[in-house]
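In the order they appear, the protein sequences are chains A and B.
End of the first sequence sits at 326 in the numbering used here; the numbers just go up one at a time, nothing left out.
End of the second sequence sits at 709 in the numbering used here; the numbers just go up one at a time, nothing left out.
Glycine included, every Cβ here is placed at the ideal spot set by N, Cα and C.
Since the structure is predicted, the reported quantities are computational estimates derived from the model, not experimental observations.
This report refers to the structure that appears directly beneath it.
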Amino acid sequence: MKKYLIVIILFVFGCIVLFEKFQEQDHRFLSLELFGKKSELKILRPGELEKGDIVKGEFTASYNNIGQVTVRFNNNYHDSEDILVFRLREKGEKDWYYQAKYKTDQFLAHRLFPFGFPAISNSAGKIYEFELESLNGIQGRGISIDIKKPIFTVKTMFTKDELVSNKKSLFFFIVQKIFNLTLYIPLFLYSYSLLLYYIFLHFLPIIKIKANSNVKKILKLMIIITITTIGAFIQEKVDDTTIAIVMSMYFLYSDKLKLESRVTIFLAAIQLSISLILLVFGISNQANNAAIWGYMLMCFAVIQQIAESLFHYSPKTSLEKFLSRD
Amino acid sequence: MKNIDFKWLILLIVPIILIYKIFLLYNYEFGGVAGDFFSVINPSNSLISNSFAFRSNLNNGYADNTANMISHNSPYLIYELLLSKLGISQLVRTYLFIILLSVVGCFNMYYYLSSKNQHDESAKFKTLLLSILYGFFPYFIYYILPGHFLILLLPAFFPIIQLLFEKIIFSSKNDIKLSLKYFSILSFVLLFLCTPFANLGVFGVFYSLMVGQLILLLVLRQINLKQLTISFLLLSLSLLISNIWWLAPYTVTMGSISAMGEQSKQTIGSAIGAATIHSNVINTISGFPEGVNISFILSIIQIFLFLVIILSLFTSLLNRQKLKIELLLIILITIFFTKGPNAPFSFIFNFLYNEITLLQIIRRPASKLYWIIIFFLISLISNAILKNRNRRLNNLLNVSLSISVVLTVFVTIQKTTLMPFNIPETYYTANQYLIKNNVKKILLLPDIGGLNPEYNHELNFHKGIDFLGQIWEFKKYIPSSTHWNLSNKETDLVNVFANSIYNEDDFCEISKNLNVSHIVIRKDLLPTNYDLVQLNLADFYLSKSKLISKIDSFGNNFKIFQIVDECQSQIISTDSVDKSTFQIINPGLYQIKIQSNSDEVSIIFKEKFDKSWVLNLGSIANKKLNDYVIHDTALGYANKWTVDLASYCSTMGNKCQKVGGSYHLEVWIKYWPQYLHTIGLFISTVSYLFCIGYLIHFYRNNKISKQKK
Numbered sequence: 001m002k003k004y005l006i007v008i009i010l011f012v013f014g015c016i017v018l019f020e021k022f023q024e025q026d027h028r029f030l031s032l033e034l035f036g037k038k039s040e041l042k043i044l045r046p047g048e049l050e051k052g053d054i055v056k057g058e059f060t061a062s063y064n065n066i067g068q069v070t071v072r073f074n075n076n077y078h079d080s081e082d083i084l085v086f087r088l089r090e091k092g093e094k095d096w097y098y099q100a101k102y103k104t105d106q107f108l109a110h111r112l113f114p115f116g117f118p119a120i121s122n123s124a125g126k127i128y129e130f131e132l133e134s135l136n137g138i139q140g141r142g143i144s145i146d147i148k149k150p151i152f153t154v155k156t157m158f159t160k161d162e163l164v165s166n167k168k169s170l171f172f173f174i175v176q177k178i179f180n181l182t183l184y185i186p187l188f189l190y191s192y193s194l195l196l197y198y199i200f201l202h203f204l205p206i207i208k209i210k211a212n213s214n215v216k217k218i219l220k221l222m223i224i225i226t227i228t229t230i231g232a233f234i235q236e237k238v239d240d241t242t243i244a245i246v247m248s249m250y251f252l253y254s255d256k257l258k259l260e261s262r263v264t265i266f267l268a269a270i271q272l273s274i275s276l277i278l279l280v281f282g283i284s285n286q287a288n289n290a291a292i293w294g295y296m297l298m299c300f301a302v303i304q305q306i307a308e309s310l311f312h313y314s315p316k317t318s319l320e321k322f323l324s325r326d
Numbered sequence: 001m002k003n004i005d006f007k008w009l010i011l012l013i014v015p016i017i018l019i020y021k022i023f024l025l026y027n028y029e030f031g032g033v034a035g036d037f038f039s040v041i042n043p044s045n046s047l048i049s050n051s052f053a054f055r056s057n058l059n060n061g062y063a064d065n066t067a068n069m070i071s072h073n074s075p076y077l078i079y080e081l082l083l084s085k086l087g088i089s090q091l092v093r094t095y096l097f098i099i100l101l102s103v104v105g106c107f108n109m110y111y112y113l114s115s116k117n118q119h120d121e122s123a124k125f126k127t128l129l130l131s132i133l134y135g136f137f138p139y140f141i142y143y144i145l146p147g148h149f150l151i152l153l154l155p156a157f158f159p160i161i162q163l164l165f166e167k168i169i170f171s172s173k174n175d176i177k178l179s180l181k182y183f184s185i186l187s188f189v190l191l192f193l194c195t196p197f198a199n200l201g202v203f204g205v206f207y208s209l210m211v212g213q214l215i216l217l218l219v220l221r222q223i224n225l226k227q228l229t230i231s232f233l234l235l236s237l238s239l240l241i242s243n244i245w246w247l248a249p250y251t252v253t254m255g256s257i258s259a260m261g262e263q264s265k266q267t268i269g270s271a272i273g274a275a276t277i278h279s280n281v282i283n284t285i286s287g288f289p290e291g292v293n294i295s296f297i298l299s300i301i302q303i304f305l306f307l308v309i310i311l312s313l314f315t316s317l318l319n320r321q322k323l324k325i326e327l328l329l330i331i332l333i334t335i336f337f338t339k340g341p342n343a344p345f346s347f348i349f350n351f352l353y354n355e356i357t358l359l360q361i362i363r364r365p366a367s368k369l370y371w372i373i374i375f376f377l378i379s380l381i382s383n384a385i386l387k388n389r390n391r392r393l394n395n396l397l398n399v400s401l402s403i404s405v406v407l408t409v410f411v412t413i414q415k416t417t418l419m420p421f422n423i424p425e426t427y428y429t430a431n432q433y434l435i436k437n438n439v440k441k442i443l444l445l446p447d448i449g450g451l452n453p454e455y456n457h458e459l460n461f462h463k464g465i466d467f468l469g470q471i472w473e474f475k476k477y478i479p480s481s482t483h484w485n486l487s488n489k490e491t492d493l494v495n496v497f498a499n500s501i502y503n504e505d506d507f508c509e510i511s512k513n514l515n516v517s518h519i520v521i522r523k524d525l526l527p528t529n530y531d532l533v534q535l536n537l538a539d540f541y542l543s544k545s546k547l548i549s550k551i552d553s554f555g556n557n558f559k560i561f562q563i564v565d566e567c568q569s570q571i572i573s574t575d576s577v578d579k580s581t582f583q584i585i586n587p588g589l590y591q592i593k594i595q596s597n598s599d600e601v602s603i604i605f606k607e608k609f610d611k612s613w614v615l616n617l618g619s620i621a622n623k624k625l626n627d628y629v630i631h632d633t634a635l636g637y638a639n640k641w642t643v644d645l646a647s648y649c650s651t652m653g654n655k656c657q658k659v660g661g662s663y664h665l666e667v668w669i670k671y672w673p674q675y676l677h678t679i680g681l682f683i684s685t686v687s688y689l690f691c692i693g694y695l696i697h698f699y700r701n702n703k704i705s706k707q708k709k
């Protein structure tokens with residue numbers, strides 16, 4: 001019963017993470033999206049846009065009624081004082097279909113910013129081009145394009161009334177939306193990773209194979225490799241949600257094996273050693289990521305140590321046993 | 001024994017090299033970098049003259065609330081005074097102070113670590129290395145760069161304070177008399193921290209740390225509630241008696257905490273993110289929370305320090321030794337606050353930063369908190385490595401620790417460098433000239449936008465804090481003020497005054513209102529922070545202005561314009577129909593004799609309006625007088641008291657005489673927080689007498705009981 005309750009809690013947690021991540025990606029439920037590729041956006045040079053710089057984009061619309069282009073920006077964590085002109089037209093046309101000015105002080109770091117325009121009814125299959133021109137940009141007070149995927153998106157917005165009143169539209173929307181959501185599979189996996197991990201630990205029969213400890217060894221090795229390397233290398237920047245997920249995973253793992261605090265300190269020391277090696281080679285971002293995981297594991301070890309000394313929690317797996325071949 | 005003496009000789013080499021380095025600069029009297037390298041108050045003055053809670057001349061006249069400066073009397077100004085009386089220059093005094101702090105920190109740390117563990121020779125050597133690392137920690141040279149080196153007093157004395165605090169905690173379980181002994185000693189040691197405590201952020205951090213330790217030990221069930229209560233009370237009491245003498249006036253004059261928080265935010269570009277941009281976890285753990293960009297060698301030290309930390313973790317694991325939770329927790333919590341909004345837990349930090357004013361006041365978390373990490377990290381390392389029996393690991397530790405120490409000491413010797421210069425004679429002659437010409441307040445041009453002045457070749461191109469405030473001890477108005485002070489009505493008026501000169505308008509009325517007697521154009525600064533053309537135009541306008549009665553130049557440094565008498569005023573004035581004379585007793589006390597024909601008299605005092613200025617009859621505050629007095633603002637910024645003489649004199653006939661239809665009255669304008677300083681001094685003195693008495697009593701009793709045994 002307790003296990004199922006935990007499953008429900010982890011599912012709710014996953015939904016919250018997914019919702020937060022969708023918000024972060026500016027994903028709307030009643031929209032269909034096209035993800036722009038990096039090659040479809042021409043940026044003259046890296047860094048912040050300077051006065052007169054123009055960023056050009058091009059895409060082939062997949063749906064009718066496109067009404068929004070979102071572009072990912074980075075304000076480099078300072079107040080940006082530029083003004084951008086957004087322009088859009090069908091390729092080959094002389095005049096711009098739409099253009100408007102936007103103050104960049106409203107652009108957030110690493111977030112997609114929406115540029116709306118009157119919906120284009122017969123857009124499917126047509127090629128469109130858009131431009132972003134800086135009017136006041138100077139280095140240090142400007143805005144830059146963030147190259148994190150998706151670099152830009154094109155959206156077709158639907159209204160609730162439109163879908164309810166027209167069954168054909170509703171069917172089209174549902175089918176397309178399912179295809180559309182496949183773009184977000186990594187996000188789903190990320191959000192429900194804790195739940196999947198819990199199921200993996202407590203429900204799959206593979207864990208219950210006791211006769212041969214090879215599976216356990218593989219699992220142990222996987223955990224060590226995951227904790228010690230992936231955290232440092234995969235993510236460009238470690239965010240609090242990822243920390244919460246990974247540390248919860250480690251909690252589930254240490255709870256299952258009843259690890260003593262010294263095991264966690266050992267893993268922390270390994271993380272800090274990786275951090276040191278990366279620091280020596282001047283890979284400072286990744287070195288910091290490894291140090292963050294080292295710091296988090298130390299925090300976890302302190303909690304474990306308090307549980308051991310104050311609440312007489314008796315761990316079954318000592319560091320020596322954890323590192324042994326058994 | 002011989003071996004140990006030899007080790008200590010190694011430590012002695014460091015100050016000797018540094019002292020040699022100083023004496024190569026014997027041609028220079030002053031030295032500084034962009035920071036607080038000059039003592040805040042002129043050390044050639046007496047201690048008493050440095051003990052006024054109001055000093056309008058300080059900080060260019062804008063930091064009226066100078067009570068916190070009193071705290072510098074202990075110990076920094078006493079040190080300055082003693083050495084200046086011995087004829088030692090400011091340059092040498094400053095260098096010696098830094099060296100002294102490093103050596104004191106080193107010795108105190110050695111004493112602390114030795115008291116914790118029984119050592120063999122190998123452990124003693126490691127303890128010495130760790131102590132040198134603590135005393136000469138490379139991060140501390142960052143304090144020298146921005147000039148806040150006075151804060152170094154805290155890490156230098158902290159090991160001894162921590163030791164006494166721990167002794168209080170553990171003796172309070174069974175032996176309260178012993179706790180009182182340690183409390184008495186602690187109260188004396190805390191006197192060394194009054195100077196850094198003038199920064200309330202530092203005081204807050206220190207108090208939070210000590211109380212936090214007590215709570216932590218209680219939660220970890222290492223002490224009981226009785227120990228917590230006794231230790232908390234004794235700690236608070238020792239802090240009170242060692243600081244009340246300066247803290248009492250400061251609490252009145254400092255203004256609201258939220259205003260201080262706002263001011264702090266302004267000085268860091270309104271964003272904590274800017275102040276902690278380099279304080280990520282790796283930099284914070286490995287010894288450089290504010291980056292390592294000033295020298296390549298610091299990157300190498302960072303790597304070796306990090307290696308020592310990691311090796312000590314592996315050592316404790318190998319020896320099946322548990323890390324001390326309380327030490328680890330303090331380090332982890334301090335890292336959390338030092339790293340600011342950087343990952344991890346950025347949202348928690350941001351929430352706390354917005355909700356807790358203390359966090360906003362500490363401005364650059366690393367500068368206020370980092371000594372805690374260094375101290376507890378070295379304690380943790382010492383705890384982990386001293387009992388290690390693994391030879392290979394021991395060798396590795398010795399090598400990495402030795403390299404860290406050698407590099408650290410090398411960096412200290414190499415990087416502790418001040419810009420030497422001499423102050424030209426014209427600064428002193430101009431000062432004498434102004435005093436001779438009855439200077440009241442001066443308007444000092446140009447406006448350098450609150451930035452540090454950059455001096456010309458005569459001052460060796462020194463760039464740093466303005467030392468004019470020390471040599472010219474009268475109030476100086478500078479337009480735009482400094483960026484670390486919030487704008488007020490007085491500064492607004494000064495800006496109007498400066499603009500009227502730049503616009504070639506009449507400034508007679510405003511100079512009268514501000515009580516300015518001279519305008520000084522300084523030419524000793526490079527035009528990097530101001531508009532030279534505008535300054536030359538102002539010079540040209542003033543040179544031909546009818547409002548100027550006298551012009552004198554002092555070398556290439558100053559041009560002084562004396563304002564005509566009609567456009568000058570007195571600092572204290574009454575209505576034109578009344579006759580009044582006044583005498584300045586000290587910066588916070590004025591005696592005024594009034595003869596008035598009307599039933600009501602208005603006294604205007606041309607210092608920025610502040611409720612702390614009060615009008616008294618005689619030298620003692622008289623509550624009855626307050627019933628007939630209204631304290632208000634005048635001239636847009638100044639103090640004004642309106643006294644109802646008819647009512648007052650009818651009830652207090654003996655103190656207010658009416659002769660031939662006119663009232664004769666003697667009143668005093670006082671800055672009342674000065675009394676808090678006096679009361680605080682009295683409380684501290686009595687408490688310290690008690691402490692001395694108790695210590696004598698304790699040791700005598702101990703001796704008697706030993707003799708009996």
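Residue i classed as buried or exposed, judged by whether at least 16 other C-beta atoms fall within 10 angstroms
| i | result |
| --- | --- |
| Lys708(B) | exposed |
| Ser647(B) | exposed |
| Val659(B) | exposed |
| Ile16(A) | exposed |
| Gln286(A) | buried |
| Gly87(B) | exposed |
Contacts of residue i in chain B (Cβ-Cβ under 8 Å)
| i | result |
| --- | --- |
| Cys299(A) | Leu332 |
Contacts that residue i makes with chain B (C-beta to C-beta distance below 7 Å)
| i | result |
| --- | --- |
| Glu111(A) | With the sequence shown as reference, residue 111(A) is identified as Arg, and Glu is not the correct amino acid for it. Here the premise fails: no neighbours, minimum Cβ distance about 16 Å. |
| Ser275(A) | Ile282 |
Helix, strand or coil at residue i according to DSSP, with G and I counted as helix
| i | result |
| --- | --- |
| Asn319(B) | coil |
| Ala119(A) | strand |
| Leu695(B) | helix |
| Ile54(A) | strand |
| Ile143(A) | coil |
| Met296(A) | helix |
Extent of the continuous alpha helix (DSSP H) run through residue i
| i | result |
| --- | --- |
| Ser31(A) | Counting along the chain, Ser31(A) falls outside any alpha helix (DSSP H), though it belongs to the beta strand (DSSP E) covering 31 to 36. |
| Phe322(A) | 319 to 323 |
| Phe136(B) | Run containing Phe136(B): none; DSSP gives neither H nor E here. |
Delimiting residues of the beta strand (DSSP E) encompassing residue i
| i | result |
| --- | --- |
| Ile88(B) | That residue, Ile88(B), is in no beta strand (DSSP E); it is neither H nor E in DSSP. |
| Ser602(B) | 600 to 608 |
| Ser549(B) | 548 to 554 |
| Glu504(B) | Unbroken run through Glu504(B): none, as it is neither H nor E. |
Closer than 9 Å at the beta carbon, the chain A residues around residue i
| i | result |
| --- | --- |
| Lys387(B) | The premise fails here: Lys387(B) is roughly 16 Å from chain A at the closest Cβ pair, so nothing lies under 9 Å. |
Under 7 Å from the C-beta of residue i: neighbouring residues of chain A
| i | result |
| --- | --- |
| Val439(B) | None at all; the shortest Cβ gap to chain A is about 44 Å. |
Contact check, residue i vs residue j, beta carbons under 9 Å
| i | j | result |
| --- | --- | --- |
| Ile151(B) | Phe304(B) | no |
| Ile244(B) | Ser684(B) | yes |
| Val564(B) | Ile442(B) | no |
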